[in-house]
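Sequences listed follow chains A and B, in order. Residues 906 to 1017, numbered by the numbering used here, are exactly what the first sequence covers, in order. Residues 49 to 160, numbered by the numbering used here, are exactly what the second sequence covers, in order. Glycine included, C-beta positions come from ideal geometry on N, C-alpha and C.
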Amino acid sequence: EAGVAQSPRYKIIEKRQSVAFWCNPISGHATLYWYQQILGQGPKLLIQFQNNGVVDDSQLPKDRFSAERLKGVDSTLKIQPAKLEDSAVYLCASSRLLGTQYFGPGTRLLVL
Amino acid sequence: DQQVKQNSPSLSVQEGRISILNCDYTNSMFDYFLWYKKYPAEGPTFLISISSIKDKNEDGRFTVFLNKSAKHLSLHIVPSQPGDSAVYFCAASAGNNRKLIWGLGTSLAVNP
């Protein structure tokens, strides 16, 4: 069974630029999560989808971050415009409904 | 307010000995606990979990113990192997959406 796929693996941008990350969950997993992990901390949930509906986006900075999962399969997370403090690893995870979450390799973002 | 606490940022153990990683929580509503392992440049990997109706769960070399009265859980690795060297995260969840609350992680080094 293929794992969670994410791209790109690394991204360097300048502040005020925009960036987009892509995630393809494990086949058959209804729930998809985007996390932000800053060095030395645990992952922080940004948004949780169940199929193509949003379950929780309470910690998503909606003035600059957006995410979609239009067909209930893959998902994109966008930051526009980026700030220095957005430098982090962005992790995508998926699960069967509310089961154990399985993570992709993450995208390392550096904002200069 | 850190609801899940891993008070030891790092731990060093000799190969073949037992590794004990600790986690404390403050929210009595948590009813499901998980341990994830993370290697550098990879996403977290699910290791083992325990429901609050149990006090022990074992999977090979890994055992998780839960003490609800003390709001404390621990992960035991016996025997420890150099490949176990990684950052270990404790996470807890409650409620219908199963949102994970993460600790800050403990970096385990197993020395040959």
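Residues that DSSP places opposite residue i in a beta bridge
i: B/A118; result: DSSP output for B/A118 lists no bridge partner at all.
i: A/Q941; result: A/K949 and A/Y995
i: A/Q955; result: A/T936 and A/G958
Three-state secondary structure assigned by DSSP to residue i
i: A/L989; result: helix
i: B/G131; result: helix
i: B/N75; result: coil
i: B/V126; result: coil
i: B/W65; result: First, the amino acid is wrong: residue 65 of chain B is Arg here, not Trp. Here B/R65 sits in coil by DSSP.
i: B/Y87; result: coil
i: B/Q54; result: coil
i: A/I931; result: coil
i: A/A907; result: coil
i: B/D112; result: The displayed chain sequence assigns Val, not Asp, to residue 112 of chain B. In this structure, B/V112 counts as strand in the three-state DSSP scheme.
i: A/L1003; result: coil
i: B/N144; result: coil
Start-to-end residues for the beta strand (DSSP E) that takes in residue i
i: B/I96; result: T93 to S99
i: B/E106; result: K104 to D107
i: B/L59; result: S58 to Q62
i: A/K967; result: A/K967 -> no beta strand (DSSP E), and no H or E assigned at all.
i: A/K920; result: Premise fails: A/K920 is in no beta strand (DSSP E) and is neither H nor E.
i: B/N159; result: T154 to N159
i: A/V978; result: From DSSP, A/V978 is part of no beta strand (DSSP E); its letter is neither H nor E.
i: A/R1013; result: T1012 to V1016
Cα-Cα separation between residue i and residue j, rounded to whole angstroms
i: A/V994; j: A/V924; result: 13 Å
i: B/P92; j: A/G1004; result: 16 Å
i: B/V112; j: A/Q922; result: 45 Å
i: A/A907; j: B/N159; result: 32 Å
i: A/S963; j: B/R65; result: 43 Å
i: A/E990; j: B/Q51; result: 23 Å
i: A/L945; j: B/I101; result: This sequence places Gly at residue 945 of chain A; Leu is not what is there. Distance between the alpha carbons of A/G945 and B/I101 is about 31 Å.
i: A/N929; j: A/F970; result: 19 Å
i: A/G1009; j: B/S141; result: 20 Å
i: B/D132; j: B/A157; result: 8 Å
i: A/T981; j: A/L996; result: 12 Å
i: B/P127; j: B/Q54; result: 22 Å
i: A/N956; j: B/Y87; result: 29 Å
i: B/E106; j: B/H120; result: 17 Å
i: A/K920; j: A/I984; result: 11 Å
i: A/R1013; j: B/V61; result: 30 Å
i: A/L965; j: B/S76; result: 26 Å
i: A/L1017; j: A/I917; result: 7 Å
i: A/L909; j: A/H934; result: The amino acid at residue 909 of chain A is misidentified as Leu; the sequence shows Val. So the alpha carbons of these two residues sit roughly 10 Å apart.
i: A/R974; j: A/S999; result: 12 Å
For this session: Count the C-beta pairs between the region 931-944 of chain A and the region 68-75 of chain B that are closer than 8 Å, then say yes if the count reaches three, no if not.
Result: With fewer than three CB-CB distances shorter than 8 Å, the region 931-944 of chain A does not count as touching the region 68-75 of chain B.
Problem set entry | Given 8 Å, three or more beta-carbon pairs between the region 911-921 of chain A and the region 94-108 of chain B | no
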